[in-house]
Structure formats: C-alpha cells, structure tokens
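Presented below is the structure to which this report refers.
2 protein chains.
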Amino acid sequence: MKTPTRNRRAEILAAAADLFAARGFHGVSIEDIGAAVGVSGPALYRHFSGKEALLTEMLLDISERLREQGARLATTADPDTAEAALDALLSGHIEFALNHPALIRVHERELDNVPEPARRAIRRLQRLYAEEWVTVLSELYPACPPARLRAATHAIFGLLNSTPRSAGELPPEAMADLLRTMARAALSRL
Amino acid sequence: MKTPTRNRRAEILAAAADLFAARGFHGVSIEDIGAAVGVSGPALYRHFSGKEALLTEMLLDISERLREQGARLATTADPDTAEAALDALLSGHIEFALNHPALIRVHERELDNVPEPARRAIRRLQRLYAEEWVTVLSELYPACPPARLRAATHAIFGLLNSTPRSAGELPPEAMADLLRTMARAALSRL
DNA sequence: CTCGGATGTTAATCATCGCTAACAGACCCC
DNA sequence: GGGGTCTGTTAGCGATGATTAACATCCGAG
Chain A
1 MKTPTRNRRA
11 EILAAAADLF
21 AARGFHGVSI
31 EDIGAAVGVS
41 GPALYRHFSG
51 KEALLTEMLL
61 DISERLREQG
71 ARLATTADPD
81 TAEAALDALL
91 SGHIEFALNH
101 PALIRVHERE
111 LDNVPEPARR
121 AIRRLQRLYA
131 EEWVTVLSEL
141 YPACPPARLR
151 AATHAIFGLL
161 NSTPRSAGEL
171 PPEAMADLLR
181 TMARAALSRL
Chain B
1 MKTPTRNRRA
11 EILAAAADLF
21 AARGFHGVSI
31 EDIGAAVGVS
41 GPALYRHFSG
51 KEALLTEMLL
61 DISERLREQG
71 ARLATTADPD
81 TAEAALDALL
91 SGHIEFALNH
101 PALIRVHERE
111 LDNVPEPARR
121 AIRRLQRLYA
131 EEWVTVLSEL
141 YPACPPARLR
151 AATHAIFGLL
161 NSTPRSAGEL
171 PPEAMADLLR
181 TMARAALSRL
C-alpha cells in the first residue's frame, strides 16, 4: 500500500515548516524533524535528498501556490473591476496567511538558505506574484510610478504577514477583517 | 590610548548586525564576525563573553532605543494632540527603520536566540514600545477594543519594517513618504 | 514462498563551530 | 626598565550536526 506512505513526505514537510518557522532553518536539526514525525534522524533521507532539498521543496510549493492563486484572482483586464481584483488578492493573501502562518514565515525568512539553482526559481515566482499586485494597482493608479507601487506592495505584504507575530490577539475572523480594512485603507490613496 | 579601542565593541556589534540580518544568527560564525572587522576569530572574546551575549547586547540596545524614542515622542496626555503624537511615533519609527535596516531585521527575527534571562527583558521593552502606540491609538479610538489596537500596531510594524525587503526600490525620502502615507491611512479608520 | 523495493534503525564519518588555553606584542604607570 | 593590563594570535578540545553505510522489516507481486 502506498497510501499510508504517501503522507510521510507531506507530514515531514509540515513538521519541518513548523520547526523552521519557530527556530529558523539553521536552528533545526534533521534529528528534530525526524522526531517531530515519530521517526528518528536519517530516515528523512528516504524521502528527501537533504535538508536543503527539503527547504527548497517547501519554498517552491509555497511560492507556486501563491503565484497560482494570484494569477487566478487577479485575472481581470477590465479597469472597472480592478477594485474587485484587488479585493480578491487581499482576501486570498489574508486567508493564506491566517491558515498557514508557519508557511508565510518560512517563505518570508528562509530564501537565503536555498541553494542557488532553485533560489532563482523561487525568487521568480515571488516576483511574479508581486507583479500581479503591481499590475492591478497600476490600473487603479495609472499616474503612480511603478517603483512606488512595488514598494507599496511589499509594504502591504509586511502588513498582512504580521499575522504570525500577533497570533492569538484576535480571533481569526476579526483578524482577517482588521487586516482587510487596514490594507484597503493603506492602498486607498497612493 | 583607549579611543581607537573603544570603537572595537561598536564595530563588532555593527558588523555582527549586518551579518545576522543577512544570514541569521545560526548562519554566522564567530570567525565570520571577526573577519568582518579585520581580526580573526576568538579575538571577539576579549570584548564579549560569547556569541549569545553579543546578540543579547544588540537586541537590548535596539529595544531600549526604540522604547526610549517611543516614550519621548508619545508623551502627550492631551487627546487633542494624539494625532500629533501618532505622527511623531510614525516618523520616528520610519526614520529608525530606514537608517538601520539591519537592526530592524535582527530585532524582528532573532529574539528566540537570546538566552532566557535577557529574553524577558527584551520582550518587556518591545511590549512597552508597542504599548506606547496602543495608548496613543486608544485616545484616538476609545471605542476600539485594546486587542484590536494591539493587532493593528503589530500590523503597522510589519508594514514599516518591510523596508529591508524593498530596499533600493525608492530613494529613502520617497520611501519614508510612502510608508507614512500608507500607515496613516491604515490607521485612519480603526 | 520468495524476491525486491520501500522504509527504518543504529553506528560511523567528517566538517563546522563555539569556546578555552597558551603565548606574544603594545603601551602605560610607577 | 619591569610589571600589568589590553588585545591579539594560533592550536586544540568537545559538541553538534549533516550525511553515508550496513543492516533489519514489511509487504505486495510473480
């Protein structure tokens, strides 16, 4: 049977994500990750070629999910509905950040620990995702220079990704609402 | 002569801050830090009792500076000028973040690597700083529950601290302006 | 039944790293 | 001019950690 085994990879990735989020890539040992899924140490090499490969796959997956979600939600060439597209991007990002705080944290912090061939690919996906936002914003603010829109986008990411730091302050629904309100306001007068 | 020597500690702290910001606490070796200031390796132990002590001092210094600046800028018991106090906090934080991106990054990320006695102290300073913001905001929005104000404050920190990630997109003055505008808007309808 | 792959285990290797020890020059004060 | 402190240096110790090797199990397929 493959089914009980298939989960192992995902289990490991999930456990590693939590650990990386909490203590950072270099602060977590292979042993730690193994222990977190109930196996011990080098068993991980049956599923991943190494620690860096594990991180690489994790970041590629996150970046790909965000980019795909972004492309799906932002596809609105119509300027009239740019407002709606922005709302969709916002809600999508907030939902992701609230549902996967560990992934957001790792995505935000650990890119530098990915070895070079894959790092470019991840950066590219991150850039594509950000460009979805910039494109939508540039429809809303045609007069605003792109560099400013890019900086604003990163600032909004910083705001939305603050979630893991203020965890527990508010119930998720209230938090989502707050973030949506603040982000919309922040983007309302560029 | 003590003068040329006194700088060593500061030199080391500055170099370590840059390295920690770039590669994370565990990603930097004592050798690396030594090399960055032109001495090699264990020379650092003439100035700091260890790697953790170095980080501890760095974070204590940052937290203290922010707290002091916050206390100074927010001291305005008058509700009429709460708006002005908020502006002052905002400008102060932005200036700090733009002038010391590495410090902001370390401050944001490395608290978990500080050993326990000092960690509490740093957390306390960070909390005091955040409470300055919450106090000012609660004067502006007396009806808003404190938990929401706290979450909003952390979200604003996330926005303002995005600086190190969008470095180079905009000249510092334009960046400061953008952040001020976005933050003010984000806080305008809590 | 047995062969083979998938999945684990423990022991060993090899590098890195934080930190200490032992020693050396510079400079100051008496 | 002889301690004494300050600041470095290089070697070495001990621990940790990633990775590999060698060896067990389980289980489905022929």
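Residue numbers (my numbering), protein chains in the order written: chain A, 1 to 190; chain B, 1 to 190.
Note that CB positions come from ideal geometry on N, CA and C, so glycine has one too.
field: Beta-carbon proximity list for A/Thr56, same chain, < 6 Å, skipping 5 on both sides
entry: Val114, Ala118
message: Check whether chain A comes within 7 Å of B/Ala84, counting only Cβ atoms and requiring the distance to be less than that.
response: no
Close Cβ partners of A/Glu11 (< 8 Å) along its chain, the five nearest in sequence each way excluded: Val37
query: Between which two residues does the alpha helix (DSSP H) carrying A/Leu170 extend?
result: Here A/Leu170 belongs to no alpha helix (DSSP H), and DSSP marks it neither H nor E.
- prompt: Considering only C-alpha positions, which residue in the set A/Ser166, A/Met182, A/Gly34 is nearest to B/Gln126?
  reply: A/Ser166
query: Going by beta carbon distance, what residues of the same chain come within less than 7 Å of A/Ala82, once the five residues before and after it are set aside?
result: Thr76, Val136, Glu139, Leu140
field: Where the alpha helix (DSSP H) through B/His93 begins and ends
entry: 82–99
query: Between the segment 57–65 of chain B and the segment 144–151 of chain A, are three or more C-beta pairs nearer than 8 Å?
result: no
- request: Would you check if the distance between the CB atom of A/Leu149 and the CB atom of A/His93 is smaller than 7 Å?
  value: no
task: Keeping to the same chain, check which residues put their C-beta closer than 6 Å to that of A/Gly70; ignore five residues upstream and five downstream.
output: Tyr129, Glu132
- prompt: If you draw a straight line from the alpha carbon of A/Val28 to that of A/Val134, how long is it in whole angstroms?
  reply: 36 Å
message: Can you tell me whether A/Ser162 is helix, strand or coil according to DSSP?
response: coil
task: Within 10 angstroms of the Cβ of A/Leu44, are there 16 or more other Cβ atoms? Answer buried if so, exposed if not.
output: buried
field: Neighbourhood of B/Leu19 by C-beta, 7 Å cutoff - its chain only, sequence neighbours within 5 removed
entry: Val28, Asp32, Ile33, Ala36
- request: Drop a sphere of 10 angstroms on the beta-carbon of A/Glu108, count the other beta-carbons inside from all chains shown, and report buried for 16 or more, exposed for fewer.
  value: buried
task: With DSSP as the reference, label A/Val37 as helix, strand or coil.
output: coil
- prompt: Sorry if obvious, but does the Cβ on B/Asn161 come closer than 6 Å to a heavy atom of the ligand PLP?
  reply: Summarising the ligand content, the structure contains no ligands, and the ligand PLP is consequently not present.
message: Once DSSP output is grouped into helix, strand and coil, what is the label at B/Val28?
response: coil
query: Going by alpha carbons, who is nearest to A/Leu98 out of A/Ala16, A/Leu90, A/Pro172, A/Arg72?
result: A/Pro172
- prompt: If B/Gly24 sits next to A/Gly41, beta carbons under 8 Å apart, how far is it from one beta carbon to the other, in whole angstroms?
  reply: Their Cβ separation, rounded to whole angstroms, is 23 Å, which puts B/Gly24 and A/Gly41 out of contact at 8 Å.
- request: Pull up the distance between the alpha-carbon of A/Lys2 and that of A/Arg65, whole angstroms please.
  value: With a pLDDT of 43 at A/Lys2, under the threshold of 50, the modelled position of this residue cannot be trusted; read the value that follows with caution. The alpha-carbon atoms of A/Lys2 and A/Arg65 are separated by roughly 25 Å.
query: Just how far apart, CA to CA, sit B/Arg8 and A/His26?
result: 28 Å
task: Kindly list, in the order they appear in chain B, the residues whose Cβ is closer than 8 Å to that of A/Gly158.
output: Gly158, Leu159, Leu160, Asn161, Ser162, Arg165
field: For B/Arg46 and A/Arg184, the rounded distance between their alpha carbons
entry: 52 Å
- prompt: Quick one, which residues of the segment 20–48 of chain B are near chain A if we go by CB-CB under 8 Å, in chain order?
  reply: Ala22, Arg23, Gly24, Phe25, His26, Gly27
- prompt: In chain A, which residues lie less than 7 Å from B/Thr181 when you measure between Cβ atoms?
  reply: Arg189
- prompt: Is there a Cβ from chain B that is less than 7 Å from the Cβ of A/Met1?
  reply: A caution first: A/Met1 carries a pLDDT of 41, below 50, which makes its placement in the model too unreliable to give a value.
- prompt: In or out: A/Arg72 buried (at least 16 other Cβ within 10 Å) or exposed?
  reply: exposed
query: Helix, strand or coil: how does DSSP classify A/Arg189 here?
result: coil
message: Check whether chain B comes within 7 Å of A/Ala186, counting only Cβ atoms and requiring the distance to be less than that.
response: yes
query: With C-beta atoms as the reference, is B/Glu95 less than 7 Å away from A/Ala151?
result: no
message: Check this for me: beta carbons of A/Ser162 and B/His100, under 7 Å apart or not?
response: no
task: Starting from the Cα of A/Asp112, find the closest Cα among B/Ala21, B/Leu13, B/Ala14, B/Ala16 and give me that residue.
output: B/Ala21
field: For A/Pro145, three-class secondary structure by DSSP
entry: coil
- request: Could you please tell me which residues of the segment 96–129 of chain B, in chain order, have their CB closer than 9 Å to any CB of chain A?
  value: Glu108, Arg109, Glu110, Asp112, Asn113
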